Every structure is written in C-alpha cells, then in structure tokens.
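S.K.:
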Amino acid sequence: MSLGVPAQVAREAGNRAIATSTQVAALICLAAALASVLAPGFFVVGGVRWWAAGSLLPMIVLLIVVMATGNRVVMGAYAVVGCLSTFAYTVAVLQQTASYTNTDLFVVALPLVALMLIGGSRQDTRVGVLWATAAYALGDLAVFAAALVAGRQFRFDSISLAAYILFMALLLFNGITRGSYRGAHALILRTLREQHVDELRLEVAAELRAELHDTTLSELAALASTQPGPLVPSLRERLESDISHWTTAPHRAGDRLDAADHVEWRQSDLARAIDHARDSGLVVDVSGDRGPYSALSSEARRAMGLAARQCLVNVLKHSGQSRAEVVLSASHDEVSLVVVDAGRGFDVSLLAREDNDRMGLLQSVIDRVERVGGSVSVFSRAGAGTSVLMVVPTAEGGSL
Amino acid sequence: MGSSLLDRVPSRFDPIGAAAAWLLAPLAGAVAVGYAVIQSVTHGNEIVRPELAVVAVGMLFAAAVVLAIAAHPSIARLGRPAAVLVVGMTVLASVLSAVSTWGHNRLVQDDWGQIGVGLIVLGMLWLRPALELIVLGALGALVVGVLAAEQTGSLHIINTPYVYVVVAATPVLVLAAVAATCGAVISRFAAEWTRSSRAGMAGLGPEFRLLEEVALHRAQVAELKRTTLPLLASIAARGSVTQADIEAAARTAAQLREHAIEELRSTWLDRLAATTGMKPNAVNDPAHLAQRVPASERAAISACLIELVRLGLIDPADTAISLTRTPTVESSERAGFELRLYGVSEWRRLRRATRPFFSVLRSLSGDAMTTKAGSSMTVRFGFDPA
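Chains as they are written, first to last, in the numbering used here: chain A, 16 to 415; chain B, 4 to 389.
(1) What does DSSP give as the partner residues of Ala376 (chain B) in its beta bridges?
(2) Between the stretch 293 to 312 of chain A and the stretch 212 to 225 of chain A, do at least 3 Cβ pairs fall closer than 8 Å?
(3) Quick one: Cα of Ala201 (chain A) to Cα of Ser295 (chain A), how far?
(4) Looking only at DSSP bridge pairs, what is Phe64 (chain B) linked to?
(5) For my contact list, Gly135 (chain A) and Ala34 (chain A) are in at a C-beta cut-off of 8 Å; report their separation, rounded to the angstrom.
(6) Please say whether Ser100 (chain B) and Gly116 (chain B) have beta carbons closer to each other than 8 Å?
(7) Closer than 7 Å by beta-carbon distance: list the chain A residues that pair up with Glu135 (chain B), in chain order.
(8) Here's the rule: buried if 16 or more other CB atoms are within 10 angstroms of the residue's CB, otherwise exposed. What is His291 (chain B)?
(9) Hey, could you find the ends of the beta strand (DSSP E) Ile324 (chain B) is sitting in?
(10) Comparing alpha-carbon positions, which option in B:Ala31, B:Asp321, B:Asn48 and B:Ser157 lies nearest Ala184 (chain A)?
(11) Between the stretch 86 to 97 of chain B and the stretch 62 to 71 of chain B, do three or more beta carbon pairs fall short of 8 Å?
(12) To the nearest angstrom, how far is it from the Cα of Met62 (chain B) to the Cα of Ser97 (chain B)?
(13) Please name the residues in the stretch 153 to 168 of chain B whose beta-carbon is closer than 8 Å to at least one beta-carbon of chain A, in chain order.
(14) Using a Cβ-Cβ cutoff of less than 6 Å, which residues in the same chain neighbour Tyr345 (chain B) once the five nearest sequence positions on both sides are dropped?
(15) What residues from chain A crowd round Val244 (chain B), counting only those whose CB sits closer than 7 Å?
(16) My understanding is that Ser302 (chain A) touches Val342 (chain A), with C-beta atoms under 8 Å, so please give their C-beta distance in whole angstroms.
(17) Contact criterion: CB-CB distance below 8 Å. Does Ala239 (chain B) meet it with respect to chain A?
(18) Contact between the stretch 186 to 200 of chain B and the stretch 141 to 156 of chain B: three or more CB pairs below 8 Å?
(19) Specify the secondary structure class of Asp356 (chain A) as computed by DSSP and reduced to three states.
(20) Are the beta-carbon atoms of Gly143 (chain B) and Val175 (chain B) separated by less than 8 Å?
(21) Using 8 Å as the limit for Cβ to Cβ distance, is Tyr196 (chain A) near chain B?
(22) When the Cβ atoms of the stretch 218 to 232 of chain A are set against those of the stretch 321 to 330 of chain A, are three or more pairs found closer than 8 Å?
(23) Any idea if Ile238 (chain B) is buried or exposed, counting beta-carbon neighbours within 10 angstroms, 16 or more meaning buried?
(24) From the DSSP output, read off the bridge partner residues of Pro408 (chain A).
(25) Taking Cβ-Cβ distances below 7 Å as the criterion, which residues of the stretch 97 to 131 of chain B are in contact with chain A?
(26) In terms of residues, what are the limits of the alpha helix (DSSP H) holding Val120 (chain B)?
(27) Report the rounded CA-to-CA distance for Thr374 (chain B) versus Thr279 (chain B), giving the unit in angstroms.
(28) Use the C-beta contact count for Val44 (chain B): other C-beta atoms within 10 angstroms, 16 or more gives buried, fewer gives exposed.
(29) I'd like to confirm the pairing. Which residues does DSSP put opposite Glu340 (chain A) in its beta bridges?
(30) Could you spell out the range, first to last residue, of the beta strand (DSSP E) harbouring Leu342 (chain B)?
(31) For Ala239 (chain A) and Glu215 (chain B), what's the separation of their Cα atoms in angstroms?
(32) Once the 5 residues before and after Gly121 (chain B) are set aside, which same chain residues still bring their CB inside 6 Å of it?
(33) Leaving out five residues on either side along the sequence, give the residues of the same chain with a beta carbon under 6 Å from the beta carbon of Gly359 (chain B).
(34) Assuming Tyr104 (chain A) and Ala67 (chain A) form a contact by the criterion Cβ under 8 Å, report the distance between their Cβ atoms to the nearest whole angstrom.
(35) Please state if the CB of Ser36 (chain A) and the CB of Ser70 (chain A) are separated by a distance shorter than 8 Å.
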C-alpha cells in the first residue's frame, strides 16, 4: 500500500513498463514465429527448415541485447537485421505450406509485429512512434520482396495493421494518463510532511510541559501555598535556579548556536527549494556543511537558493529520476553547491544555442549566480546524469 | 523481478496512476466487443449456429461490462474469483463462437475469441497481480489453442495442428504478457519510490524535531518572560512574599496549566478545521479516535479537503467529520471515518477532484466508499486505530 508515485516516477515507470512489455511481447512473437516455421517440418522426414528458423535467431539475439542495454545502435541493428530475417522467414514459410497463397497471414505478421514493437523501447513517445512506423514499413517491404521470391501474392496483412493500431493506442494512452492527477500526490506528500511536523511539535510540547511542571509550576504552587513573610532560603534558591534555567541554561537539544543556525537554514531559499522539490515527489539527499551557506550575504543566499530550485525543477522535468543530491561545501573564500542527478543528461554544447530547451538553466541558474559574482559549471552528457556546480565567493574572501 | 513483485496488485501501489488509467479496462472491453461484432458480421457466412454466435458476443459483452464496472474509480477492485469469472466468461464466449462456426471456419486467424481473451486480460492490468494475469492468460491460451487444434481438417489452410495452436494462442499470450509486465514494472517503481521516500521522510525527523524544540522553547520562554519570570525574579530579589504575590502565583499557575491543557486537547482535525475554515464543532469524535487515525490516511483525507476548499467546490462551513468505532466480527478493533460534504452542486468536478484522493484512501483502507444523497456527498473509510 502506498500513496502513489510522483509525476516524474509515474512517467518513467510508464515508459519503462511500455518498453519492457513490448520487448517481451516481441520475444513471444518471435518464439511463435520460430514454432510456426519448425512445427510443420517435424512431421516430414528431413522436413525441418532449420535455416529458416536460424534466420530468426539474429533477430532474437539482438532483441535480447536491446532488452538488456536499450542501446540505440543495437535498436537500429535490430531493425535492419529484423528486415532481413523477416524476408528469409517469410520466404521459408510461404514455400513450406502450399495453401499459403498470399501474405495476409498471422504467421507472416509475427516477425513484422516483433519489428514494430521495438518502438516501445524509446523513452520519448513521439520518437517511439517514428521507430515503430519505420520498422513496420521496412518489414512490410521485406514481406513484399519475400512474396516476389516465393511466387505468392502480396497482400497487406490485417493482423500486423491491427497490432500497429493497438500499439499506437497503447502509447497514446500511456502518454495521456501517466501524468494525470499527480498534483494530488504532491499535495498529499506535503500534507503528510506537515502533519509529521505537527506530531513532532506535539511531542516536543509535551516534553516542555513536563519540564514546566517540574520547574516553574512547582515553584508557583509552592508560592501559592506559602504564608506572607520572609522567603524560605531553599525556595529562594529554587526560584533563582528556575529563572536561570529558562533564561541562561542551554536547552537540552544541545548547542543552541547550532539550533539557531538550523532555524536560519530552514528559513533559507535553499531549504525552501529543497522542500518544494520534496513536495513534488523528488527524494533529495542533502549533504555537507550548511553553516558556510548560511553565512553568505542575503543576496548570495537567495541567488544560490533560487538557482538550486531551478536545478531541482530541471531534475523533476528532464532527468526521469526520482532522486537528486544537493552537496554543500566551502573553502575560506567561497561556498560551493552541487545539484546532482543520475538521469538521462543532455548535451551541454546545446546550451549555447538560442533555440535550446534549457533556458531555465541559462537564465535562472547561470545568470542569477553570475550576478552575485559566482560561477556555474554544468557537467552532463546523454545517459550519464547531470551535475550543476555553483560557486559563490564569501563576503570576506570575494567581491561581495 | 522477485516473486513478490508478481504478487502485487499495481493499483495498491500506485492508486493515483490506477485512477488516472481506469479507462483502460472499459476501452479494452469495448475494443474486444467491437472486434467480435465486426468479425462476426464480416465472416457471417461461416456461422452455422447463429444463436450461439449471438450468445457468444453477449457473453463477451457481459464480461467486458463486469470488468468496466470493477475498474470504475468508485469501485476499482476485482477479487481473484471475480477475475477468474470474467476471464472464464470470455473463454466460454470464445468456445461458443468456435462452436457456432464449427466445421465451416476458414481461418483461425479470423476468430475473435483469442483477441477477446487477450484484451480482457489486458484490461485487468491495474486490478490483478502479474502472476495471476500470466496464469489466466496461459489458461485462456490453452483453451483457444486446443479449440483451434480440434478444427484441423475443416480449415481452409492445410497445416499441422501445432501451427493452428500457435495462431490461436499467441495473441492471448502476447496481450497477457504485456499486461503482466506492465503491472510488474509499475509495481516495482512504485514500491522502490515509496521505500526511498519513507526513508527520506524518516531522515528528516531529527532536523524537524530540533527546529520545533527551538521554536517552542523560544515561545515558552517568551511567554514566561511576560509575567511569570518577572514575578519570580521580584520575589527572589525581595526575599519576602506578600499576599499579592501569593495570589499572583496562584493565578499564573492556573493560566499556565490551562494553556498546557488547551494544547493537549488540540488534534490534527482541529488544525485541519482551522486551516480549511470548517466550523469548530464540525468534528464529532466522542471516542477520541482522531489521534489514532494512521498518518497516511490523515494526509490523504486532509489533502482532499484542502483541495476541495481551494477549488471552491465545497463550503467548509457546510462540512462535517465524524469518527466512530465500528463493530467487527473478529476481536480486532476497527473504526470508521466519515466526511460529509453538504450543498454540493458541481458533482462532475467534485468527483474528478476527489478521485485521486479517494483512490489513495481505498488503497490504504481497503473499504473506502463514497455515497451521494441529495446535495450531499459522504466519504467513508475504515481504519485500524493506531
């Protein structure tokens, strides 16, 4: 039982579900094709067409490699080799069975369907549709050629067409539904966090009440029950101890200075940015020393916080990941902040282009940090995650 | 993928996703029935027992309707017996369809039975565990495969029965595999995210606690500094107690105690009422069960109410909450939570807005339900008091 998953996880899960399930479906189609071409031969001495079955093996092997790696080059190889395999297989099937007079056959459609389903392996639905359509078209050309070679009538088969329509409908349905209602998830998550804080507050309040009862209330009760006149020395001592307890004694939570830093940290733009990302469903791990960040000028803190917010929004929108890391570090003259994700990454050189879709990174991150005298370095490449390093000089060490 | 992954119902792990994708089941059913009708009409010349053909399509239609009702967000539940029944009806429809053309069927690939079984299993993607979908698909494939093999000799294409089995069984196996794999992957992602999210939330506990300690300590000291500490300081400095000091001490002690008790009485429902603008007496909790509502259920119902108020779909002043103990057959304790929304006018928007929250509540409690009476809507769910 769970509260569901946030939008970016839902999208990733949906895409992965489509990819894996269509790959498994393609494998079943190829296994069925293998059975179709082998089965008739078992009942005739020497009739097994091993070569025909063998023609499907490279396709099966490449499909398994695609399933394991998701590599685009292997997908391309699968499409090309798949067409050749489909050709050889179709020739074998048509020649093997005399009553197969045309190509509108389920057994002919099997490798075709396996070919088009490769489109499901792409993360981007639009690209997936293009892959599926191209593979389907190439596969049909292979069937056409096989019909010519085998001397049978080429007829557009209704089975693969129905499978194509169903596949497109599945992609479309996934695209439409996987992001729906996810605002509700963010709200539930935020409410859960707030209620968690409320519970903690009640716990702490109960502890404080007990402390109050043992100290001040106890002294007040003693005073209320005493007679007018000189104060008993022991009661006077307790009163002074009580006053000292509330005004000067360190709170049992430990170092009050740390606690005050903590409050300052929680109220900072960076902490708010992290909370916002967490409310949106991103699991954000924060590490490093927060003190130096809190010691920055208010402008620098704000710039860094808002820049980090944009980075985390980018992780949510583009990375396909549900987890990110925020790492803080400092030297004597500068504070560094890195936002890291292990997502799909992007080509950093595209940032220089005017039509790039990462304007948020340019304007909200780079420009903002540079305005307070800092610098930003972006490390990313396709499939290898993204790290955005922001360095801002401290008031003492830098130009601020 | 471990075996436990195959035993999970995806809608329990991603209830919001299930609510968003509920149309998959009725769409799959509609396509199955539509395909059956088209194939029956276009291959009408092969039908020798039309009454059986009609019953077959009718039975498929009934199975599709049952599946669509089960998938509707107000129910979103399909037990194992019901799933077996739905697939059983579809397989039976497939058998009847085959019998209706027995001896005159030209091509196995034109039969709608295997597509119908496959699509119905696909429609169960969110409602049943992957393992069950595989088993149901395999059994369905076996039946349609045997049916196809039994037609050897009467078919237009002459081949071995094994090829007929492949032609009939493959669509069922493919669609069942798609359903099972999708369900398993969705469950895996949801389970992994939930695990890491819980760990993340637990990790924030000490940080939040420290913050609250500091904030409350400051507030406590500020309050004490207003009257209490000056009183104690003046008495300590003078070294004597007057009648006025005694009276002031008694008064201050009473005020502090009263304030502390007020804080104790405050529950999350009181805070929710204050946040949303509900009337102070809108919460009826005679058995003091509010604090025993599990955290996830609290978050889901609170978020639902906050969202409805934000969208202006309800008047918070016309909203009531009641918590009661519910009798159980077993010795276990069970309680019920009821949220009543009065004066509802925009039902369509309200249903749509509550759908994801309700789906989550149902996933958590297992017995959440909504009822409509006149212009009021009631959301109920049970919980095991924590």
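Heads up, the beta-carbon is just placed ideally off N, CA and C, and yes, glycines get one too.
Just so it is clear, the structure is predicted and the values come from calculations on it, not from any experiment.
M.R.: Straight from the coordinates:
(1) The residue given as residue 376 (chain B) occupies position 373 in the second sequence. Per DSSP, B:Ser379.
(2) no
(3) Within the first sequence, residue 201 (chain A) is the residue found at index 186, counting from 1. Within the first sequence, residue 295 (chain A) is the residue found at index 280, counting from 1. Their Cα atoms are separated by approximately 5 Å.
(4) Position 61 of the second sequence holds residue 64 (chain B). None; Phe64 (chain B) has no bridge partner.
(5) Indexing the first sequence from 1 puts residue 135 (chain A) at position 120. Indexing the first sequence from 1 puts residue 34 (chain A) at position 19. Right, their Cβ atoms sit about 5 Å apart.
(6) Indexing the second sequence from 1 puts residue 116 (chain B) at position 113. Indexing the second sequence from 1 puts residue 100 (chain B) at position 97. Closer than 8 Å, so yes.
(7) Along the second sequence, one-based indexing puts residue 135 (chain B) at 132. The premise fails here: Glu135 (chain B) is roughly 16 Å from chain A at the closest Cβ pair, so nothing lies under 7 Å.
(8) For the purposes of this step, residue 291 (chain B) is taken as residue 288 along the second sequence, with counting starting at 1. Flag for His291 (chain B) reads exposed.
(9) By one-based count along the second sequence, residue 324 (chain B) stands at place 321. First-last of the beta strand (DSSP E) with Ile324 (chain B): Thr322 to Arg328.
(10) Residue mapping note: residue 184 (chain A) aligns to position 169 of the first sequence, counting from 1. Out of B:Ala31, B:Asp321, B:Asn48 and B:Ser157, B:Ala31 has the C-alpha closest to the C-alpha of Ala184 (chain A).
(11) yes
(12) Counted from its first residue, the second sequence places residue 62 (chain B) at position 59. Counted from its first residue, the second sequence places residue 97 (chain B) at position 94. Rounded to whole angstroms, Met62 (chain B) to Ser97 (chain B) spans 9 Å at the Cα level.
(13) His159, Ile160, Ile161, Asn162, Thr163, Tyr165 and Val166
(14) Here residue 345 (chain B) corresponds to residue number 342 of the second sequence, with the count starting at 1. Excluding positions up to five away in sequence, the list reads Asp321 and Ser379.
(15) As a first step, residue 244 (chain B) is located in the second sequence; it is residue number 241 there, counting from the start. Per Cβ cutoff of 7 Å: Leu238, Thr241, Pro243, Gly244 and Leu246.
(16) The sequence position of residue 302 (chain A) within the first sequence is 287, counting from 1. The sequence position of residue 342 (chain A) within the first sequence is 327, counting from 1. With a Cβ gap of about 5 Å, Ser302 (chain A) and Val342 (chain A) count as contacting.
(17) Here the question's residue 239 (chain B) lines up with position 236 in the second sequence. Closer than 8 Å to some Cβ of chain A, the Cβ of Ala239 (chain B) qualifies, so yes.
(18) no
(19) Position 341 of the first sequence, counted from the start, is the residue given in the question as residue 356 (chain A). In this structure, Asp356 (chain A) counts as strand in the three-state DSSP scheme.
(20) As a first step, residue 143 (chain B) is located in the second sequence; it is residue number 140 there, counting from the start. As a first step, residue 175 (chain B) is located in the second sequence; it is residue number 172 there, counting from the start. Cβ atoms of Gly143 (chain B) and Val175 (chain B): closer than 8 Å.
(21) Residue mapping note: residue 196 (chain A) aligns to position 181 of the first sequence, counting from 1. Taking Cβ atoms only, chain B reaches closer than 8 Å to Tyr196 (chain A), which makes this a yes.
(22) no
(23) Translated into positions along the second sequence, residue 238 (chain B) becomes position 235. Buried, since its Cβ has 16 or more Cβ neighbours within 10 Å.
(24) Taking the first sequence and counting its residues from 1, the one referred to as residue 408 (chain A) is at position 393. For Pro408 (chain A), which the question treats as bridged, DSSP gives the partners A:Glu349.
(25) Gln112
(26) Mapped onto the second sequence, residue 120 (chain B) falls at position 117. Taken as a continuous stretch (DSSP letters only), the alpha helix (DSSP H) holding Val120 (chain B) covers Gly116 to Gly126.
(27) Position 371 of the second sequence, counting from 1, holds the residue named residue 374 (chain B). Position 276 of the second sequence, counting from 1, holds the residue named residue 279 (chain B). Answer to the nearest angstrom: the Cα atoms are 22 Å apart.
(28) Indexing the second sequence from 1 puts residue 44 (chain B) at position 41. Exposed, since its Cβ has fewer than 16 Cβ neighbours within 10 Å.
(29) Start at 1 with the first residue of the first sequence, and residue 340 (chain A) comes out as number 325. Beta-bridge pairing links Glu340 (chain A) to A:Asp300 and A:Val355.
(30) The residue given as residue 342 (chain B) occupies position 339 in the second sequence. Counting along the chain, the beta strand (DSSP E) containing Leu342 (chain B) begins and ends at Ala338 to Leu344.
(31) Position 224 of the first sequence holds residue 239 (chain A). Position 212 of the second sequence holds residue 215 (chain B). Their Cα atoms are separated by approximately 32 Å.
(32) For the purposes of this step, residue 121 (chain B) is taken as the residue at position 118 of the second sequence. Result list for Gly121 (chain B): Pro174, Val175 and Leu178, in chain order.
(33) On the second sequence, position 356 is the one that residue 359 (chain B) refers to. The sequence given here places Pro at residue 359 (chain B); Gly does not occur at that position. Same-chain partners within the cutoff: Ile19 and Ala22.
(34) Taking the first residue of the first sequence as position 1, residue 104 (chain A) is located at position 89. Taking the first residue of the first sequence as position 1, residue 67 (chain A) is located at position 52. With a Cβ gap of about 6 Å, Tyr104 (chain A) and Ala67 (chain A) count as contacting.
(35) Within the first sequence, numbered from 1, the residue matching residue 70 (chain A) stands at position 55. Within the first sequence, numbered from 1, the residue matching residue 36 (chain A) stands at position 21. No.
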